Amino acid sequence: MSQLRSHARLEFALATLVALGFAAGAYFLFSNRPGYAGTIGDIPLLLFVLVAGVIGALIGSRIAVGHSRRKLSSSTDGSIESGTRDERNLGAILINWGAVAGLVGGAAAGTFELTQSQFESQLDALRDQLEIRNDELSQTEAELGEARQNFEELVIETKRVSLLTPQPGATEVGSMKSALKFDWREPEEIFERRYILEIRNISDQSMPPLVFDFLKRIDEPLHIPVNRLTAKLNSSTEFLWRIRPGQLVDGKQAALGPWSHYGYFVLYPSIFDRIQSTGVVRIGFSGSFGGVFNKRRSEGGFEGFDQDFKQWIIAQLSEELGTPLSIEHNEIRFRDLLPELREYRLDMVISSMTRTKKREEQNPGVYFTEPYLNVNQIFISSGTINRPFPQALSGAVVGVSPNSTNAKAARYLEKQFGFSVVEFEESGGSRRALREGIVEFNISDNSTLSGELGNTVFQYGPPLDQYLKGLYREEYGFSSESYGIAVRDEQLLGRLNEILTSQEAKDYLDKLKEKWLTDES
0 MSQLRSHARL EFALATLVAL GFAAGAYFLF SNRPGYAGTI GDIPLLLFVL
50 VAGVIGALIG SRIAVGHSRR KLSSSTDGSI ESGTRDERNL GAILINWGAV
100 AGLVGGAAAG TFELTQSQFE SQLDALRDQL EIRNDELSQT EAELGEARQN
150 FEELVIETKR VSLLTPQPGA TEVGSMKSAL KFDWREPEEI FERRYILEIR
200 NISDQSMPPL VFDFLKRIDE PLHIPVNRLT AKLNSSTEFL WRIRPGQLVD
250 GKQAALGPWS HYGYFVLYPS IFDRIQSTGV VRIGFSGSFG GVFNKRRSEG
300 GFEGFDQDFK QWIIAQLSEE LGTPLSIEHN EIRFRDLLPE LREYRLDMVI
350 SSMTRTKKRE EQNPGVYFTE PYLNVNQIFI SSGTINRPFP QALSGAVVGV
400 SPNSTNAKAA RYLEKQFGFS VVEFEESGGS RRALREGIVE FNISDNSTLS
450 GELGNTVFQY GPPLDQYLKG LYREEYGFSS ESYGIAVRDE QLLGRLNEIL
500 TSQEAKDYLD KLKEKWLTDE S
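In numbering that gives the first Met the number 0, the protein residues as written are 0 to 520.
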């Protein structure tokens, strides 16, 4: 029996070693597959494989011992030697069973680990894809929210009132006795509607916002007295304003639409204050029939007597004020120059304009400076006229530009000389009509014809001053015709007159006449 036990121990030891070998082989087989990276989590797996191998060997050895006992008890002579070979064969078989059990245990463990690892890899991939999808969903939701906000803003924008006057960033001029014009446009054409107007004085934070409501008809601006906007106007004052459809009910706003965007403007007590504050002088001129005064250059821009003269004037004004001034050039139709000046959209007009009292009366607040050039009216033709003056004028057609002193002179003389007058609206129309033979004569300022007389046009008769004295008295308020600077500000008028009556001005103007008003020009 002791021999049986010794054999059993030996068999168990051998089975255990073989099982452990197979178990370790199984573990390394599966743990070293491509792409596998060992971690601390492999330690429980290793222990599981080893325990499975040992249990397999133990079961195999127990089966071998039990079988040997049964063989021994059934032996005829009761000796162990007779069953030694069979028992050893059986022990070897059982050892192999133990090894197989260890291998199966290790294989099962490895397969389980492999399956679990693949599952976890697939699960990680799914998590990554889910995270990507969540990110894409979040980005889509953000884009959708932004699109929804843009749409809502666009809907509101299409319903907003558009501000027209004062324009955003405008510099306005007024006084405590004047009124400021406000105008705006609805997205759709509405004949009349009630509105709420809000104006904030941001130069005086102590003043609460001013709120007005009123009925406004289409194309009918609103005028608000300056003294309603501010308690005083001794210097520049900044304002914000906005408008919305609606009305005030018991002091509360009953809105019928969204607010417009804020508009910003600065109000100055005078043009002179505005020029000093901004350093910019807005000068208007017309290139329609300026001749050598405002000639359009082929490469763009203008040159001429008035163009040089205004640069010199602003240089003198800059020196007097002790601050550099720049010019904002505004080319405007001749007929609109004084209305633009009257509405404070210009600071001065320098455009070979005849100074007349009638123009000052028709444009309240507009003044002409001292003259910077004396001129004469003359008749011109496209060729030489052989008949003596004024016989050729009888029954002729004289072309002029509208709203000009040339037109006034022609109207004044037409009955005296028996001709008819035709006005041409378009730029240079009267001169073109003369070249094409549509009219026989023009009336023009002799100063604008430098370099043309005796070349492209010809003077007919003498200067017309002696025939126009009545017009000069009635219309001009002076005994002769001369050009002046038109301004809207009395303080600026005084400064310019000081410059124009100086010896420096006379010397400079003589140089300009020599440059632009000689036949060689």
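Note that CB positions come from ideal geometry on N, CA and C, so glycine has one too. Remember, it's a predicted structure, so these values are computed and weren't measured experimentally.
Judged by DSSP secondary structure, residue 338 falls outside any beta strand (DSSP E) and instead within the alpha helix (DSSP H) spanning 336 to 341. Between residue 347 and residue 282, the CB-CB gap stays under 8 Å. Between residue 368 and residue 495, the C-beta gap is smaller than 8 Å, which places the two residues in contact. Per DSSP, reduced to three states, the secondary structure at residue 417 is coil, with no helix or strand assignment. DSSP assignment within the segment 473 to 510 yields the following whole alpha helix (DSSP H) runs of 4 residues or more, N-terminal first: 489 to 499. Excluding residues up to 5 positions away in sequence, 268 lie with their Cβ nearer than 7 Å to the Cβ of residue 233 in the same chain.
Excluding residues up to 5 positions away in sequence, 264 lie with their Cβ nearer than 6 Å to the Cβ of residue 169 in the same chain.
The straight-line gap separating the alpha-carbon atoms of residue 212 and residue 342 is approximately 25 Å. Here the alpha carbons of residue 298 and residue 225 stand approximately 44 Å from one another. Counting other Cβ atoms within 10 Å of its Cβ, residue 309 reaches 16 or more and is therefore classed as buried. Within the segment 129 to 201, the complete beta strand (DSSP E) runs of at least 3 residues fall at 161 to 164, 169 to 172, 178 to 184 and 191 to 200. In the displayed model, residue 330 falls within a strand according to three-state DSSP. With a 10 Å radius around the Cβ and a threshold of 16 neighbouring Cβ atoms, residue 456 comes out buried. Taking all protein chains in view, the Cβ of residue 444 is crowded by 16 or more other Cβ atoms within 10 Å, so the residue is classified as buried. The Cβ-Cβ distance between residue 399 and residue 442 falls below 8 Å. The segment 301 to 318 makes no contact with the segment 154 to 165; the number of CB pairs closer than 8 Å stays below 3. Taking a cut-off of 8 Å on C-beta distances, the segment 421 to 431 does not touch the segment 467 to 480, as fewer than three cross pairs fall below it. Shown here, residue 359 sits in a helix according to DSSP, grouped into three states. Here residue 396 is bridged, per DSSP, to 419.
The residue among 118, 120, 484 and 257 with its C-alpha nearest the C-alpha of residue 242 is 257. Look at the segment 265 to 335 and you find these whole runs of alpha helix (DSSP H), each 4 residues long or longer: 270 to 277 and 304 to 320.
Annotation for residue 164: 180, 181, 182 and 220 place their beta carbon closer than 7 Å to its own, counting only its chain and skipping 5 residues before and after.
Collapsing the DSSP output to three states places residue 449 in coil.
Of the candidates 125, 333 and 229, the residue whose Cα lies closest to the Cα of residue 238 is 229. DSSP places residue 432 in no beta strand (DSSP E) but in the uninterrupted alpha helix (DSSP H) bounded by 428 to 434. Here DSSP, grouped into helix, strand and coil, assigns residue 250 to coil.
In the pairwise beta carbon analysis, the segment 486 to 504 is classified as not touching the segment 373 to 392: fewer than three pairs are separated by under 8 Å. When C-alpha distances from residue 245 are compared across 160, 323 and 208, the shortest belongs to 160. Taken atom to atom, the span from the alpha-carbon of residue 135 to that of residue 196 is near 46 Å. Boundaries of the alpha helix (DSSP H) harbouring residue 227: 225 to 228, taken from the DSSP string. Beyond the five residues adjoining it in sequence on each side, residue 488 comes within less than 7 Å, by CB distance, of 269, 270 and 271 in the same chain, given in chain order. In the displayed model, residue 465 falls within a helix according to three-state DSSP. Taking every protein chain shown into account, the CB of residue 414 has fewer than 16 other CB atoms within 10 angstroms, so this residue is exposed. In the structure shown, residue 344 adopts coil according to DSSP, grouped into three states. For residue 166, the closest C-alpha among the options 184, 177, 149 and 150 is that of 184.
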